[in-house]
Amino acid sequence: MAEMVATRDVYGKALIKLGKIYPDMVVLDADTASSTRTQWFSQEFPERFFNLGISEANMIGYAAGLSTCGKIPVVSAFACFGSGRVYDQVKLSVCWPKLNVKIIVTHAGVSVGEDGASHQAIDDINLMRGLPNMTVIVPADGIETEKAVRYAIETQGPFYIRLGRLNLPLVFDDTYEFVLGKMHALREGTDATIIACGLMVNESVKAAQTLSEQGINVRILNASSIKPIDKQAIILAAKETGAIVTAEEHSIIGGLGSAVAEVLAEHLPTPMERVGVKDTFGQSGTPKELLRIFGLDAVSIVEAVIKVLGRKTQKGR
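For what it's worth, UniProt numbering labels the leading residue of the sequence shown as 1, then goes sequentially.
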């Protein structure tokens, strides 16, 4: 059985490792340090940790100012507050001047659970990828999380990294290398391609196993780099498999599915289905219940692949 690790836990440990390497790195939080795991950094480097209280917009401005003084500010909050509540500040104080601020959020998607719609960020990718100069990353597991966080700290400019609350199976091993703007093929296939991010990557792997038992061979691409998106991999998958399914723990509007659809519409129109939250708010429930209710599981991916294969056949591909 694959090891289960929460990406937020890996993030908290990565901050300590990177803090020892980069003395100019500072961490800011908005009274959620125990949940985002930034409290571990605060215990190791108390003089480099700033709790701004329940004042996320002010926190972004504070981080922007620190970046102009040569610091590397890492801002943490729940995803719902680190995107929507601070949108104006991120847009005008971080992205417009292209400052070196890293926004790394946790508790994204409906898998937050019982906190309900107000705390379930299902539109944050949409908000952040629409901003010029912003890089958007959604790691699939703990190993990719550590690699992505390190890349962000070592790279100049604004970053938005989206992490979750749940323990997830490890998809990669220590040999994996994160490359911005490139999708990683977890499985090769010729009948259709599943492009997924976050916790939906593991669900895609399970879906592929079920489909294989039905004689359907699918390719799986991990799309952790939402912006920039890997146009070449998308176009190649469309050419070679003729059918695309995207899977994300986010609204199908404006997220990974939209990003892939934009590439296909411009370069190679291809039968496509999007698995994600269908233009609705979240609700209270256990993570397991909500992932099932919103169709964010392997069963829904299997159904989407079978549906898109029907459209592929009708198109005569």
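All residues carry an ideal CB built from backbone N, CA and C; glycine is no exception.
- DSSP places residue 105 inside the beta strand (DSSP E), whose first and last residues are 102-106.
- Following the DSSP letters along the chain, one finds residue 17 inside the alpha helix (DSSP H) bounded by residues 7-21.
- Between the segment 264-280 and the segment 97-105, the count of Cβ pairs shorter than 8 Å is below three; the stretches do not touch.
- Taking each of 312, 218, 166 in turn and checking the Cα distance to residue 36, the smallest one comes out for 166.
- Secondary structure note for residue 59: it is in no beta strand (DSSP E), and the uninterrupted alpha helix (DSSP H) holding it is 56-67.
- Counting along the chain, the unbroken beta strand (DSSP E) around residue 251 starts and ends at 244-251.
- Note on geometry: alpha-carbon atoms of residue 27 and residue 285 lie some 32 Å from one another.
- Listed in chain order, the non-local C-beta contacts of residue 250 below 6 Å within the same chain comprise 122, 125, 276, local neighbours out to five positions each way being set aside.
- In the displayed model, residue 217 falls within coil according to three-state DSSP, outside both helix and strand.
- The C-beta distance from residue 164 to residue 127 rounds to 17 Å, too long to fall under 8 Å, and the pair is not in contact.
- Taking the Cα of residue 255 as reference, the smallest distance to any Cα among 119, 138, 96 is reached at 138.
- Given a length threshold of 4 residues, each whole run of the alpha helix (DSSP H) inside the segment 182-230 is given here in chain order: 200-213.
- By the Cβ criterion, the segment 133-152 is not in contact with the segment 109-122, since fewer than three pairs of Cβ atoms, one from each stretch, lie closer than 8 Å.
- Spatial neighbours of residue 298 in its own chain (CB-CB distance under 6 Å, excluding positions within 5 residues in sequence) are listed in chain order as 203, 206, 207.
- Between residue 152 and residue 305 the beta-carbon gap is near 33 Å, outside 8 Å, which marks them as no contact.
- Contact annotation, residue 195 with residue 223: C-beta distance approximately 5 Å; criterion of less than 8 Å satisfied.
- Per DSSP, the unbroken beta strand (DSSP E) holding residue 76 starts and ends at 72-78.
- Short of 8 Å from the beta carbon of residue 118, and not among the five residues preceding or following it, lie these beta carbons of its own chain, in chain order: 80.
- For residue 273, DSSP records a beta bridge to 245.
- Put simply, the backbone Cα of residue 302 is about 10 Å away from that of residue 245.
- Taking 8 Å as the cut-off, the Cβ atoms of residue 185 and residue 221 count as close.
- Where residue 127 is concerned, the enclosing alpha helix (DSSP H) starts and stops at 124-129.
- 134 is the residue among 143, 134, 173 whose C-alpha sits nearest the C-alpha of residue 155.
- Between residue 7 and the set 143, 90, 95, the nearest pair of CA atoms involves 143.
- The Cβ atoms of residue 91 and residue 131 lie closer than 8 Å to each other.
- Boundaries of the beta strand (DSSP E) around residue 49: 49-51.
- In the three-state reduction of the DSSP assignment, residue 168 falls in the strand class, which pools E and B.
- Exclusion of the five residues before and after residue 231 leaves 263, 267 as the residues of its chain whose Cβ lies within less than 8 Å of its Cβ.
- Taking C-beta atoms as the reference points, residue 59 and residue 74 fail to come closer than 8 Å.
- Here residue 63 is actually not in contact with residue 29; their C-beta atoms are around 11 Å apart, not less than 8 Å.
- Sequence-distant Cβ neighbours of residue 189 in its own chain, meaning closer than 6 Å and more than five residues away, are 217, 218, 219.
- In this model, residue 212 and residue 175 are separated by some 27 Å (Cα to Cα).
- In the structure shown, residue 152 adopts helical secondary structure according to DSSP, grouped into three states.
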